[in-house]
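Numbers -25 to -1, 1 to 489, taken from mature numbering (1 follows the signal peptide of the UniProt record, and there is no 0), label the letters of the sequence shown in order. For each residue, glycine too, the CB sits at the ideal point set by N, CA and C.
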Amino acid sequence: MAATGWWRAAWVVLACAAAAGPAVAQPDGGPKRGAAPPARSCEQQRVAMRPADAAGVPALRPGRAVCLRLSRGQEAFFRVAPEAGGSFSVVTRRLAHGTDTVLAALDARGRVLQQNDDGGGETLESRLDILPGVAVALVRAGTLDGDGGVFELLLTREPVPPPPDFPTSPQAAAAQPPLADNARRPILLRRGQSAFFALPADRARLVATTRGLRRDTDTVLALLDADGNVLAEDDDGGEGFASELLLDVAHPGPLFLRAGTLDDAGGSFDLVLQREAPAPPPDFPTTLEQARAAGPLAADTVRTLRLGRRQSAVFALPAGPALLALTRELDGDTDTVLTLLDEDGATLAEDDDGGGGFASRLTTARANGRPAFLRAGTLNNRGGAFTLALRPLAPPGAPATGGPAATVAEAARRPTLIPGEAVALQLEADQPAVFGLPQDGRAGVALTFDLREGADTVLEMLDADGTVLDQNDDADGGLGSRLSIGSQPRPAFLRVRALGSAAFSVVLVRAAGN
């Protein structure tokens, strides 16, 4: 009786599978559990799992959807039937739950001409738009990360679009006059299309921007050499989805500007070429030599800086205790970067957002009392205006220390934390502070508090080998940390870190009843 019931259940499973249509491209396990097949609007056919096998299976034909059921790691390859014409689209549709598709158009050598993973009508669908003149040898259909899935593949003939009114390759751009200053060029890009323009030999202070973006256009600008190598690129320096790119790059030979869209999705926008006015002479040092000649900043300096493109301010630092440098009052979308330099200009430490948002904060502790310099600049050298402030690192009257231990081995040679006695810390983004825990067999709680200006901390309990036993980075949903410290094992250590440059205090308190 039990055997009869087993065979009946197996027959029902097989019958359901047969009703859904024969499994295609499924030699090893089929799609993920729970994946429903697409509606029967597609054709079942043999599928090539390798490019070399595509010649032996039916080609994609306009208007005839193909059912695909891919196992993990599988991809399907198709030729394109001649009746597709020179302008066509390929889309994935009717995706089973959890299926995330990826499409690619390949040339005769297997190189990717166009690829898309989410350009279809739905979030996880994919779409290729092939324009006349693009020699597509194969279409490859797969899934994101090779997870497998069930979906339909459909090729559709598209109207042949009018020829673009701009060059679509560096070679075509080289045959046309370069863009002129103050040029404004409307551009309509189809999916997978980019516009190329020759640039004038004099590119001093020349800036390209995209403006008037229509609908959801997201632009990308790139500066190319004659061989097509990208020398500089920007996809959102123009705020939002717009782009902005400084073209004043020292490079021999002709250069070209490529205007495209993110993920080659196509779109409509205006390309503007402008030459910026010369920047006024800076009222601050811009080199180590100038900074030395100007003398060190005072420990309580507050200075307003306005930087042009590719401009940085460099200041000599005063001798004595470590200082904290901060940027504040950032103008517009100014995004600052602070860098600590040794006397030869080598980088000792750097921060671009440890001050919260686009601001920066950096201590001079890594100079270890030796001559050092502070460089104040902007992200990607875009320029901007802000206030630079220097202030003492430790609060007035705080005892000077040689800095916290950075390793378990170093902490083991120092006194352990004293319960109830707070320790003030100023850490860089990648600087740990390690403390030995008392070995009196009593439990406790480690806390960070007095977090200054958005500091975000992490506490970790380590064993004698440095293995993390427990950690906490967001006590009560805030930026402070609270970590329970058990009475065992011993020896054990407390490691304190900060997400970005930060100033705060840490303390070990006894647990109730200890």
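Sub-8 angstroms separation of residue i and residue j beta-carbons
i    : j    : result
D310 : S476 : no
L263 : G344 : no
S144 : F172 : no
L280 : F361 : yes
L458 : M436 : yes
V224 : L198 : yes
P367 : P293 : no
G123 : Q20  : no
S243 : L163 : yes
L349 : L313 : yes
R115 : F216 : no
D445 : V433 : no
P229 : A149 : yes
E18  : V32  : no
A112 : D82  : yes
G158 : L248 : The residue you asked about is not Gly; residue 158 is Ala in the sequence shown. Yes, the Cβ-Cβ distance between A158 and L248 is below 8 angstroms.
F231 : L174 : yes
Q168 : P139 : yes
L282 : G203 : no
R485 : L363 : no
L315 : A342 : yes
Whole-number beta carbon distance between residue j and residue i, since they are thought to touch under 8 angstroms
i    : j    : result
Q406 : D239 : Between D239 and Q406 the Cβ distance is about 42 angstroms, and since that is not below 8 angstroms, they are no contact.
V87  : P107 : Actually they do not touch by this definition, with Cβ atoms about 19 angstroms apart.
F259 : L305 : Rounded, the Cβ-Cβ distance is 17 angstroms, inconsistent with contact.
P253 : R178 : With a Cβ gap of about 14 angstroms, P253 and R178 do not count as contacting.
L130 : L99  : In fact, because the Cβ distance is near 19 angstroms, the residues do not count as touching under 8 angstroms.
T261 : Q286 : 7 angstroms
Residue closest to residue i, alpha-carbon to alpha-carbon, out of the options
i    : options                : result
R472 : A149, T423, L181       : T423
A399 : T339, R336, V481       : V481
Q414 : V383, A467, E396       : A467
A430 : L365, S335, V383, M24  : S335
A234 : D258, R250, T184       : T184
D317 : R267, G85, Q286        : R267
L220 : N355, V22, D202        : N355
H72  : G441, R44, A408, R388  : R44
G38  : T194, E208, E127       : E127
D308 : L315, D245, D328       : D328
D438 : G241, A387, L474, A421 : A387
A80  : N204, R102, G455       : R102
D275 : R25, P390, L365, F290  : L365
D104 : L35, I460, E133, T98   : E133
R160 : L246, D93, R54, V109   : L246
L237 : P153, Q463, T131, D93  : D93
T192 : L222, A23, R165, V205  : R165
R470 : T302, P256, S456       : S456
L421 : T442, R427, L483, S46  : Position check: residue 421 holds Ala in this sequence, whereas Leu was assumed. Answer by Cα proximity: L483.
E251 : D156, V205, D200       : D156
Cβ-based burial, residue i [other Cβ within 10 Å; buried from 16]
i     : result
V66   : buried
T338  : buried
A11   : With a pLDDT of only 47 at A11, under the threshold of 50, the placement of this residue in the model should not be trusted, and no figure is reported.
A351  : buried
G416  : exposed
P6    : Note on P6: pLDDT 42, under 50, position unreliable in the model; the coordinate value appears next. Counting Cβ neighbours within 10 Å, P6 comes out buried, since at least 16 surround it.
G212  : buried
E385  : exposed
S16   : exposed
A269  : exposed
P370  : For P370, the predicted structure reports a pLDDT of 48, less than 50, and the residue's modelled location is therefore unreliable. The matter cannot be settled from this model.
T382  : exposed
G411  : buried
D120  : exposed
F479  : buried
Q68   : It should be pointed out that residue 68 corresponds to Arg in this sequence rather than to Gln. Buried is the call here.
G85   : exposed
V(-2) : Bear in mind that the predicted position of V(-2) carries a pLDDT of just 46, short of 50, making it unreliable; the figure below should be weighed with that in mind. Looking at its Cβ environment, which holds 16 or more other Cβ atoms inside 10 Å, V(-2) is buried.
R190  : exposed
V77   : buried
Residues bridged to residue i [DSSP beta-bridge criterion]
i    : result
D82  : Bridge partners of D82: none, in fact.
R102 : V66
Q446 : E435
L305 : Answer by DSSP bridge pairing: none, since L305 is not bridged.
P37  : L130
T423 : V481
P243 : Here the sequence assigns Ser to residue 243, which means Pro is not the residue at that position. In DSSP, S243 forms a bridge with L163, R189.
F361 : L280
S459 : V420
E325 : T314
C17  : DSSP output for C17 lists no bridge partner at all.
F348 : A291, L316
E385 : Note: E385 sits in no beta bridge, so no partner.
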